[in-house]
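These protein sequence lines map, in sequence, to chains A and B. If you're matching positions, the first sequence starts at 1 in our numbering and goes up one per residue. If you're matching positions, the second sequence starts at 1001 in our numbering and goes up one per residue. Backbone N, C-alpha and C define an ideal beta-carbon position, used for all residues, glycine too. Some notes on the structure that comes next.
Protein chains: 2
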Amino acid sequence: MSSLRQLKRAGKIICIGRNYADHITELNSARPKQPFFFQKPTSSILFPGDGPVIRPRGVDLHYEVELALIVGKRLRDLNAENESAALDAIDSYALSIDMTARNIQNEAKKKGLPWDISKGFDTFLPLSNIISKDKIPDPHKIELYLTVNDKVQQNDSTELMLFRLPRILSDISKVMTLEPGDIVLTGTPKGVGPVVPGDVMRAGIRVDGKELEEAKMEVH
Amino acid sequence: MSSLRQLKRAGKIICIGRNYADHITELNSARPKQPFFFQKPTSSILFPGDGPVIRPRGVDLHYEVELALIVGKRLRDLNAENESAALDAIDSYALSIDMTARNIQNEAKKKGLPWDISKGFDTFLPLSNIISKDKIPDPHKIELYLTVNDKVQQNDSTELMLFRLPRILSDISKVMTLEPGDIVLTGTPKGVGPVVPGDVMRAGIRVDGKELEEAKMEVH
Ligand SMILES: [Mg+2]
Ligand SMILES: [Mg+2]
Ligand SMILES: [Mg+2]
């Protein structure tokens, strides 16, 4: 996956739900016994500099900062114990914001309907630049942060993930074959909340306390 | 979209739920006031002759025969009244079977979780060959059928759709931009039910009572 814009042709974008305990608490959700996931369409990708997130009318728009990984190898029926195969299948990373129409999602949950509309509007997936793998020696030990108008809203370590990358990739690959170029979002830490037009979100990753240039995002 | 196998690189596959009144009744579902939809991953596509649908262990596997359309033009914010623009944006058709892990879907509905796992296993989207547009002069006036072991299980006219193609394409395009190559499944008529390994599904389309060769499917 050499070029960022190629991601628009990703086969699929799979997002893990409820992967940080404190985020589950803040949404009053049940803690999952196993990872569950949903899809965002590639048409929802917003590349760096491609302009604002569009808030659809009547939508309570929430941010969720998440570590994304870009798959580099075909994965099917991966054994969750095979940590090295899982990490080896990762081509690279990106930072992402899983924008969510929270009121539509809550309505869907209540009615037992799919989440796709609440997660899939155009511009609902701002991505950072691609982060090469060597910049993140341990994906379970980095800090994700997101600020809104310079106020820190999310700031947690990926150590807090309930299900780590090998388990996530294993569970997905037992349902859907993962293909090179597919994107996986790994869940959001606590601190999600609303944004309104005019707000400025900034997000990034710190490795050993040091900011990763490639991960820096500014989204209006 | 000249070649069938290119569909594996479709940007997205959008499926309408509950679009035939009698199917809503048979699943004890609520009648939607507007079309709702979910995604299947391109990894779930099963091309003609590519072997059986795989039933994951413990899964209550159901068939749902559906008319699929392949998008030929970019559509964003389409006006539902603009029937000619909607039909003009259709490149071609296919017959499809929206295979569903019904027990997983029912569990997801109960818990307010996404439908993606129940709809997205590998092989869960058998497709026919591509049907060129001129073979279906009126997509709202064809017969879809599906047999299991030569017993007719589904057989209804697309006249019975609650939401017709212009409305479907309009509603989707107000959430997600539709791109050339995207696939849209338009819902299933009544008669859905289980299949087990060894069963043979046959499905097809009749136009003015005449079988369409391109639409004929045989899936094991
Ligand atoms: Mg795709
Ligand atoms: Mg999320
Ligand atoms: Mg269906």
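Positions along the segment 1157 to 1187 of chain B whose CB lies within less than 7 Å of some CB in chain A: VAL1175, MET1176, THR1177, GLU1179
task: Could you tell me the boundaries of the beta strand (DSSP E) in which B:ASP964 lies?
output: With chain B covering 1001 to 1220 only, the question about residue 964 of chain B has no answer from this structure.
Cut-off 7 Å between Cβ atoms - residues of its own chain near B:PHE1036, not counting five sequence neighbours on either side: GLY1017
- request: Check A:GLN34 in the structure and name its three-state DSSP category.
  value: The answer is coil: DSSP assigns A:GLN34 none of H, G, I, E or B.
task: Would you identify the three-state DSSP class for B:PRO1114, choosing helix, strand or coil?
output: coil
message: Quick check: A:HIS23 and A:LYS190, are their CB atoms within less than 9 Å of each other?
response: yes
query: If you compare alpha carbons, which of A:ASN28, A:GLY187, A:VAL53, A:LEU78 is closest to A:THR158?
result: A:GLY187
query: CB of A:THR158 to nearest heavy atom of ligand 2: below 8 Å?
result: No.
is_contact[A:SER128, chain B] using C-beta, thresh 9 Å: no
message: Between which residues of its own chain and A:GLU26 is the CB-CB distance below 6 Å, once the five residues before and five after are set aside?
response: For A:GLU26, where only same-chain residues beyond five positions count, the Cβ hits under 6 Å are LYS190.
- prompt: B:HIS1062 bridges to which residues according to DSSP?
  reply: B:THR1100, B:PRO1194
- request: Please say whether A:MET99 and A:LEU255 have beta carbons closer to each other than 9 Å?
  value: What is shown of chain A runs 1 to 220, which leaves residue 255 of chain A out entirely.
task: Verify the contact flag: B:THR1100, CB atom, against every heavy atom of ligand 3, threshold strictly below 8 Å.
output: yes
task: Anything in chain B within Cβ reach of A:PHE37, meaning under 8 Å, just list it in chain order.
output: Within 8 Å Cβ-Cβ: PRO1114, ASP1116, ILE1117.
Cut-off 8 Å between Cβ atoms - residues of its own chain near B:ARG1164, not counting five sequence neighbours on either side: HIS1140
- request: Output, in chain order, the set of chain B residues within a Cβ distance shorter than 9 Å of A:LYS110.
  value: GLY1112
message: Alpha carbons only, please: which of A:ASP208, A:GLU214, A:ASP171, A:MET161 is nearest the one belonging to A:ASN19?
response: A:MET161
task: Specify the secondary structure class of B:LYS1008 as computed by DSSP and reduced to three states.
output: Note: B:LYS1008 maps to helix in three-state DSSP.
query: A:ILE136 CB to nearest chain B CB: under 9 Å?
result: no
- prompt: Can you list, in chain order, the residues of its chain whose CB lies under 6 Å from that of B:LYS1073, leaving out five sequence neighbours each side?
  reply: ALA1089
- request: Please decide whether A:THR147 counts as near chain B, where near means a Cβ-Cβ distance under 9 Å.
  value: Judged by the 9 Å Cβ criterion, A:THR147 is not in contact with chain B.
message: Is there a Cβ of chain A sitting closer than 9 Å to that of B:ILE1014, yes or no?
response: yes
message: Looking at ligand 4, does it come within less than 8 Å of B:THR1188, judged from the CB to the closest heavy atom?
response: Absence of ligand 4 is noted for the structure shown, with ligand 1, ligand 2 and ligand 3 being the only ligands found.
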